[in-house]
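All the letters of the sequence shown, read from the start, carry residue numbers -26 to -1, 1 to 117 under mature numbering (1 follows the signal peptide of the UniProt record, and there is no 0).
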Amino acid sequence: PSPSTPTSCSCMILLLFMCFNSYPLSQVFDQTNPLTQTVHGRKVSCLGPGGLTGRTASFRRRDIHPSHYGRICPIDTSEGINVGLTGSLAIHARIDHLWGSIESPFYEISAEKAKEKKERQVVYLSPNRDEYYMIAAHEILCP
């Protein structure tokens, strides 16, 4: 077909329908309220091409891993056979633009600056970098 000849609208609709329904990670956008729209946009999944399947994934793959701390919300996961395989990013987590890993924010506190609360700065760490730091809960740092 050329630009001057009209194409059938039903052909285009069928083509788009087949494209979106054949891809395993495509979903209908949930527009119930603004919160569900935000959560839907922050979903992460290990399903799909080259990933796991809901029927063959073991319990070990579905469990919470220590590297998920501050990166993936352990509560917000799907129900049914995909439990633990899909989740949402934590509130302050972000995606590293260089490598694509999920980074989590931490406050960097040195022994000299422990008393000065103004000079604490936020550092985003990826899972392969946070193993070199001593990480403590905020209750320990607050008097």
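Note that CB positions come from ideal geometry on N, CA and C, so glycine has one too. Remember, predicted model here, so these are calculated numbers, not experimental data.
Would DSSP call residue i helix, strand or coil?
{"i": "Thr51", "result": "strand"}
{"i": "Ser100", "result": "coil"}
{"i": "Tyr107", "result": "coil"}
{"i": "Ile(-14)", "result": "helix"}
{"i": "Gly15", "result": "helix"}
{"i": "Ser78", "result": "strand"}
{"i": "Ser32", "result": "coil"}
{"i": "Leu59", "result": "coil"}
In chain order, what residues of the same chain have a beta carbon less than 6 Å from the beta carbon of residue i, not counting five sequence neighbours either side?
{"i": "Pro48", "result": "Ile38"}
{"i": "residue 118", "result": "The chain is shown from -26 up to 117; residue 118 falls before or after that span and cannot be answered."}
{"i": "Val13", "result": "Ser62"}
{"i": "Arg68", "result": "Glu77"}
{"i": "His66", "result": "Pro79"}
Given this structure, state the Cα-to-Cα distance separating residue i from residue j, to the nearest angstrom.
{"i": "His42", "j": "Ser100", "result": "10 Å"}
{"i": "Gln1", "j": "Val18", "result": "13 Å"}
{"i": "Phe(-10)", "j": "Leu9", "result": "27 Å"}
{"i": "Leu(-12)", "j": "Ser78", "result": "40 Å"}
Would you mind sorting residue i into buried or exposed? The rule is 16 or more other CB atoms within 10 Å of its CB.
{"i": "Asp70", "result": "exposed"}
{"i": "Ser(-17)", "result": "exposed"}
{"i": "Gly111", "result": "In the sequence as displayed, the identity of residue 111 is Ala instead of Gly. Classification of Ala111: exposed, given that the 10 Å Cβ count is below 16."}
With a cut-off of 8 Å on the beta carbons, I'd call residue i and residue j a contact; round off their distance for me.
{"i": "Arg45", "j": "Ala31", "result": "Not a contact, Cβ separation roughly 19 Å."}
{"i": "Ile55", "j": "Phe80", "result": "Not quite, the Cβ-Cβ distance comes to about 35 Å (not below 8 Å), so this is no contact."}
Tell me which residues share the same chain as residue i and place their Cβ nearer than 8 Å to its Cβ, disregarding the 5 neighbours each side in the sequence.
{"i": "Gln11", "result": "Phe3, Asp4, Gln5"}
{"i": "Ser75", "result": "Ile69, Ser100, Pro101, Asn102"}
{"i": "Arg35", "result": "Cys20, Leu26, Gly58, Leu59"}
{"i": "Arg29", "result": "Ile55"}
Excluding the five sequence neighbours on either side, which residues of its own chain have a C-beta within less than 7 Å of the C-beta of residue i, listed in chain order?
{"i": "Thr51", "result": "Val57, Gly58, Thr60, Gly61"}
Please confirm whether any heavy atom of the ligand COA lies closer than 7 Å to the CB of residue i.
{"i": "Leu9", "result": "Among the ligands in the structure shown, none appear at all, so the ligand COA cannot be discussed."}
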